[in-house]
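Taking the numbering used here, the leading residue of the sequence shown gets 969, the next gets one more, and so forth.
The beta-carbon is built from N, C-alpha and C at its ideal position, and this holds for glycine as well.
Below: one structure, written as structure tokens.
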Amino acid sequence: MLKIENVAYTYKSKYQTVKALKGITYAFEPGKFYALIGRSGSGKTTLLSLLAALDLPTEGQVVYEDKTTAEIDRDIYHRDTVAVIYQSYNLLPLLSVMENVTFPLELKKVPGAKKIAEEKLRAVGLDETYFKRLPAMLSGGEQQRVAIARALASDAKIILADEPTGNLDTENSEIVIDLLQKLAHEEGYCVIVVTHDLSIADKADEVLKLKDGALADS
Ligand SMILES: Nc1ncnc2c1ncn2[C@@H]1O[C@H](COP(=O)(O)OP(=O)(O)OP(=O)(O)O)[C@@H](O)[C@H]1O
Ligand SMILES: [Mg+2]
């Protein structure tokens, strides 16, 4: 479904070049929960941004359903195929919980946005008592669940998350991870989570360990 083939990535500036990824090959499948681990600077975020097609590899290719991310229409890929979840929840502070989830749907002119949003919010355990609140009136775990509901409201079947529990306590972290795991196992999403937390990695179907930009035995 989503493959990386001999992917390398080099950051080049006037002063220095950094080889962040050094020729990685891997195939991701739907219905699985992947953990991407490795020390700070090992290339995790770089790899995630290539999978999200926010950037293109400097060598090799990222292939989604037989087309490389260099060939596809990346706007459509961002809109319909991948959803990215960040450590800081990236909610719009002046919009309510409900509006945060309906906003991207309305941009796409999806009919029944409110109904879809309501369903997704309930799926992450947020009922109508939350719908009208602003993000600032929620705990970190609740905010992250809104961000997940927003991701689910798109048609994306690939969920990429960079330290989604980095700001959460153990309990909320578990809720969020269980939710992501369930989405993979019960709904067939391909879920790829960058994490420092080895208890999360324990729950993953596959663990990819990056070491200095290369895959290492985990
Ligand atoms: N914009 C950039 N310009 C130059 N070098 C960069 C840039 N972003 C990252 N790097 C370098 O690329 C390498 C990989 O960085 P990356 O952000 O992918 O690591 P990471 O595994 O996500 O680390 P962390 O766990 O700290 O988030 C590091 O050596 C980093 O310094
Ligand atoms: Mg990172």
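Proximity of residue i and residue j at Cβ, strictly below 7 Å
| i | j | result |
| --- | --- | --- |
| Glu973 | Gly1028 | yes |
| Ile1053 | Pro1132 | yes |
| Gly1108 | Leu1136 | yes |
| Asn1068 | Leu1060 | yes |
| Ala1172 | Tyr977 | no |
| Val1175 | Ala1129 | no |
Unbroken alpha helix (DSSP H) run spanning residue i, endpoints
| i | result |
| --- | --- |
| Lys1125 | Here Lys1125 belongs to no alpha helix (DSSP H), and DSSP marks it neither H nor E. |
| Leu1120 | 1108-1121 |
| Leu1018 | 1012-1019 |
| Tyr1032 | Looking at the DSSP string, Tyr1032 is not in any alpha helix (DSSP H); the run it does join, the beta strand (DSSP E), is 1027-1032. |
Counterpart residues of residue i in DSSP-defined beta bridges
| i | result |
| --- | --- |
| Ala1104 | Paired residues: none, contrary to the question. |
| Tyr1002 | Ile1160, Glu1174 |
| Val1052 | Leu1128 |
| Ile992 | Val975 |
Run of the beta strand (DSSP E) containing residue i, from where it starts to where it stops
| i | result |
| --- | --- |
| Ala976 | 970-980 |
| Thr1070 | Here Thr1070 belongs to no beta strand (DSSP E); instead the alpha helix (DSSP H) covers 1065-1075. |
Proximity to residue i [Cα-Cα], best of the options
| i | options | result |
| --- | --- | --- |
| Leu1063 | Pro1103, Val1050, Leu1016, Thr1014 | Pro1103 |
| Glu1154 | Lys1125, Lys1179, Leu1176 | Lys1125 |
| Ala1091 | Ile1116, Thr1036, Lys1000, Gly1080 | Ile1116 |
| Tyr1157 | Ala1169, Phe1071, Ala1119 | Ala1119 |
Ligand 3 heavy atom lying under 6 Å from the CB of residue i
| i | result |
| --- | --- |
| Ala988 | Ligand 3 is not part of the structure shown, which contains ligand 1 and ligand 2 as its ligands. |
Exercise for review: Decide yes or no for the touch test of the region 1138-1156 against the region 981-994: beta carbon pairs closer than 8 Å, at least 3 of them.
Suggested key: Verdict: no, contact absent.
**Asked** Can you find at least 3 beta carbon pairs, one from the region 977-988 and one from the region 1091-1108, that sit closer than 8 Å?
**Response** Because the criterion of three Cβ pairs below 8 Å is not met, the region 977-988 and the region 1091-1108 do not touch.
Does the contact criterion of 3 or more C-beta pairs under 8 Å hold for the region 1176-1185 versus the region 1008-1018? With a cut-off of 8 Å on Cβ pairs, the region 1176-1185 is in contact with the region 1008-1018, counting three or more such pairs.
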